[in-house]
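In the working numbering, the protein residues as written are 3 to 111.
See below for the structure under consideration.
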């Protein structure tokens, strides 16, 4: 495998439900393994040490097809963090696999 194409591993660190906002918040922390230094044309994805995901429950999700949610990257002032809102896709959302060029859209972390 190309050393620059190895996936990063993140493990669940914390998860909680907030009844006031009717939202689940989950935090994932990066499992650090020694990686070869890569020169990226974009922000180095190895600098992301944690990912926060926010999601409201959707009890009708399993009644619809296709059963997928869209993820929106939210602005954050936290260093080395990626914050995501997962939810029902709107007509404006594109549903497709993530491509490496999508990383160009991320600001320097």
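Note that CB positions come from ideal geometry on N, CA and C, so glycine has one too.
Neighbourhood of residue i by C-beta, 8 angstroms cutoff - its chain only, sequence neighbours within 5 removed
i, result
"residue 72", "88, 89, 90, 91, 92, 95, 97"
Closest by C-alpha distance to residue i, when choosing among the options
i, options, result
"residue 161", "7, 9, 8, 31", "In the structure as shown, the chain starts at 3 and stops at 111, and residue 161 therefore has no counterpart that could be examined."
"residue 59", "15, 10, 22", "22"
"residue 33", "79, 39, 52", "52"
"residue 83", "25, 49, 37", "49"
"residue 74", "68, 56, 86", "86"
"residue 79", "54, 63, 70", "54"
"residue 7", "40, 28, 13", "40"
"residue 56", "20, 67, 43", "20"
Residue i: first and last residue of the uninterrupted beta strand (DSSP E) it sits in
i, result
"residue 74", "72–76"
"residue 84", "83–89"
Of all the alpha helix (DSSP H) runs that stay within the bounds of the stretch 14–53, which reach a length of 4 or more residues? none
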